[in-house]
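*Asks:*
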Amino acid sequence: MGRTTKLISGLLCCLLIACSTSSPPHWRSLESPRSTHIEYRGVAVTPTPENGLGGTGKPLFSHSENGIGGSGQQARNGLGGTGSPVEQQRSQPLENGLGGSGQKPKHTTIVGSVSAFGSIWVNDRHILLPEETHYFRDGAPSQREDIRLGQIVAILADEYGDDYQALEVHSVNNVTGPLKSIHPLGGNKTELQILSQRIIVDQQTRVLDQQTLLAPEQLQAGQWLVVSGLRAPDQSIRASLIRTTEQHTALLAGPVSALEGSYVLGDQALTFPDSTPDLNQPISMQGELLNDQFIVSDWQPMPLSRLLELADEFWLEGFPVDSSELYLEGFEVQLPDVLEGLEQDETIHIGFGDDHDEFWFDDAEHDFDEEFDEEEFESEYEDEFEADWEEEHEDFVDDEFL
Numbered sequence: 139m140g141r142t143t144k145l146i147s148g149l150l151c152c153l154l155i156a157c158s159t160s161s162p163p164h165w166r167s168l169e170s171p172r173s174t175h176i177e178y179r180g181v182a183v184t185p186t187p188e189n190g191l192g193g194t195g196k197p198l199f200s201h202s203e204n205g206i207g208g209s210g211q212q213a214r215n216g217l218g219g220t221g222s223p224v225e226q227q228r229s230q231p232l233e234n235g236l237g238g239s240g241q242k243p244k245h246t247t248i249v250g251s252v253s254a255f256g257s258i259w260v261n262d263r264h265i266l267l268p269e270e271t272h273y274f275r276d277g278a279p280s281q282r283e284d285i286r287l288g289q290i291v292a293i294l295a296d297e298y299g300d301d302y303q304a305l306e307v308h309s310v311n312n313v314t315g316p317l318k319s320i321h322p323l324g325g326n327k328t329e330l331q332i333l334s335q336r337i338i339v340d341q342q343t344r345v346l347d348q349q350t351l352l353a354p355e356q357l358q359a360g361q362w363l364v365v366s367g368l369r370a371p372d373q374s375i376r377a378s379l380i381r382t383t384e385q386h387t388a389l390l391a392g393p394v395s396a397l398e399g400s401y402v403l404g405d406q407a408l409t410f411p412d413s414t415p416d417l418n419q420p421i422s423m424q425g426e427l428l429n430d431q432f433i434v435s436d437w438q439p440m441p442l443s444r445l446l447e448l449a450d451e452f453w454l455e456g457f458p459v460d461s462s463e464l465y466l467e468g469f470e471v472q473l474p475d476v477l478e479g480l481e482q483d484e485t486i487h488i489g490f491g492d493d494h495d496e497f498w499f500d501d502a503e504h505d506f507d508e509e510f511d512e513e514e515f516e517s518e519y520e521d522e523f524e525a526d527w528e529e530e531h532e533d534f535v536d537d538e539f540l
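Counting from 1, position 392 in the sequence shown corresponds to residue 530 in our numbering; the numbering is continuous, with no gaps.
1. Starting from the C-beta of E384, find all residues in its chain whose C-beta is less than 7 Å away, skip the five residues before and the five after it, and write them out in chain order.
2. If we count the other Cβ atoms within 10 Å of its Cβ and call it buried at 16 or more, is Q472 buried or exposed?
3. Bridge partners of S395, per DSSP?
4. Under a CB-based cut-off of 7 Å, is W437 close to chain B?
5. In angstroms with no decimal places, state the Cα-to-Cα distance between L464 and V252.
6. Per DSSP, D296 forms a beta bridge with which residues?
7. Pull up the distance between the alpha-carbon of E496 and that of L266, whole angstroms please.
8. Given this structure, state the Cα-to-Cα distance separating D412 from Q331, to the nearest angstrom.
9. Find the nearest neighbour of L445 within the set I176, T246, F457 and Y178, judged by alpha-carbon distance.
10. If you run the structure through DSSP and keep just helix, strand and coil, what is Q482?
11. Determine the extent of the alpha helix (DSSP H) in which E451 is found, giving its start and end residues.
12. Taking the continuous beta strand (DSSP E) assigned at L379, which residues delimit it?
13. Pick helix, strand or coil for L267, following the three-state DSSP scheme.
14. So is S422 buried or exposed if we call it buried at 16+ other beta carbons inside 10 Å?
15. For the pair the region 334-344 and the region 292-305, tell me if three or more CB-CB distances fall below 8 Å.
16. Mark W487 as exposed unless 16 or more other C-beta atoms lie within 10 angstroms of its C-beta, in which case mark it buried.
17. Please confirm whether G277 and A388 have their CB atoms less than 7 Å apart.
18. From the DSSP output, in three-state form, read off S443 for me.
19. Where does R275 sit, in a helix, a strand or coil, going by DSSP?
20. Roughly how many angstroms separate the alpha carbons of P439 and A353, rounded to a whole number?
21. Under 6 Å Cβ to Cβ from L442, same chain only, skipping five residues before and after it: list those, please.
22. For P474, does the three-state DSSP call read helix, strand or coil?
23. Taking the beta strand (DSSP E) that F255 falls in, what are its first and last residues?
24. Using the C-alpha atoms, what's the distance from S257 back to P415?
25. Quick one: Cα of N312 to Cα of Y401, how far?
26. Keeping to the same chain, check which residues put their C-beta closer than 7 Å to that of R282; ignore five residues upstream and five downstream.
27. Compute the beta-carbon to beta-carbon distance between G288 and S395, rounded to the nearest angstrom, for a pair I have assumed lies under 8 Å.
28. Taking only the alpha-carbon atoms, compute the straight-line gap between S366 and W498 and give it to the nearest angstrom.
29. Whole angstroms are fine: how far does the CA of Q406 sit from the CA of S517?
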């Protein structure tokens with residue numbers, strides 16, 4: 139049986155390698171008994187066309203039975219009933235509707251940090267960047283070359299085989315301004331203060347001066363920085379990318395609060411001299427600091443609200459909070475009950491669709507279920523595989539292989 143066992147072991151090894159490359163093994167599929175919904179600032183948004191986003195009347199989800207022009211077919215890749223791919227028809231970013239059909243297109247929204255290139259990888263999703271992809275940075279037109287490892291991006295994409303093809307890539311920054319102070323926190327963490335925003339830097343944060351990697355302690359007070367990260371429920375920013383910049387245009391972005399007639403983001407007081415902001419979605423603001431007040435000269439909605447509205451599949455990175463919810467720039471996403479009690483200081487990655495039948499969770503660093511015994515699995519699988527293989531090939535296994 140020696141040569142036969144070697145042959146079987148070789149086939150088993152190939153099979154196990156093939157299985158391991160088909161999908162990230164640490165992503166787990168969960169069944170959620172309750173309907174996943176998204177809410178912003180306490181206004182629930184359930185997956186029905188009647189309910190709106192933060193009181194705006196904009197639906198985040200649309201029922202699968204709603205179709206194009208009464209046909210009953212979903213508008214997955216078509217626009218205005220033509221059936222042509224969206225990316226071939228549009229010269230402008232997608233708007234909130236379909237040519238006259240009254241239905242929104244169906245896409246995928248992916249929000250997280252860029253972990254690798256080729257084209258780009260975000261939340262373990264491989265996202266292709268064709269020539270038709272539109273790029274934005276803080277709401278302004280940008281280009282592919284502006285994307286950096288660690289950059290937080292919000293992407294609108296379509297499925298493309300096992301991958302995704304980007305329609306829009308929005309590079310999202312939380313704050314741009316002069317560094318006020320640096321404080322070591324212990325545990326390999328450092329706190330920066332920029333425009334009264336608490337910015338947490340850890341070993342995963344990339345700090346760049348042009349193309350040179352820096353340690354946080356090499357930064358200097360007064361130096362202008364661009365920070366990209368995820369805002370935690372306590373409104374601190376967990377930075378994934380920090381870049382030095384020569385452009386001295388101050389920027390703040392996130393969920394603005396109204397407190398006793400004043401506007402606040404983090405610990406920074408805001409003044410809007412020209413127009414009152416909408417508080418039903420996170421916004422991005424440009425301005426200048428004057429007497430401890432951030433005087434807003436221009437503001438616009440952050441892209442997340444619109445991209446959530448246009449999608450029926452979601453792959454998101456955010457912070458777990460109480461009552462099994464994920465926090466993402468002021469939005470809260472309902473999680474399955476099995477995920478209650480997760481560490482709230484670190485981000486998690488989730489995926490789900492608007493049919494709510496399946497919920498995906500990246501549990502690479504979160505053991506909430508029985509521990510997987512890899513050696514026991516391989517032993518049991520090898521015994522079963524060897525027995526089945528010998529039974530199917532008993533005529534082939536003869537004396538010359540013994």
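Heads up, the beta-carbon is just placed ideally off N, CA and C, and yes, glycines get one too.
*Replies:* Concretely, from the data shown:
1. none
2. buried
3. V402
4. The structure shown has no chain B; it contains just one protein chain.
5. 20 Å
6. Q303
7. 25 Å
8. 28 Å
9. T246
10. coil
11. E451 -> not in any alpha helix (DSSP H); beta strand (DSSP E) instead, spanning A449 to V459.
12. I375 to T382
13. coil
14. buried
15. no
16. A small correction: the amino acid at residue 487 is His; Trp does not occupy that position in the sequence shown. With 16 or more Cβ atoms within 10 Å of its Cβ, H487 is classed as buried.
17. no
18. helix
19. strand
20. 33 Å
21. A292 and E467
22. coil
23. H245 to F255
24. 36 Å
25. 17 Å
26. L267 and Y273
27. Not quite, the Cβ-Cβ distance comes to about 27 Å (not below 8 Å), so this is no contact.
28. 25 Å
29. The pLDDT assigned to S517 is 45, lower than 50, so where the model puts this residue is not dependable, and the model offers no usable value.
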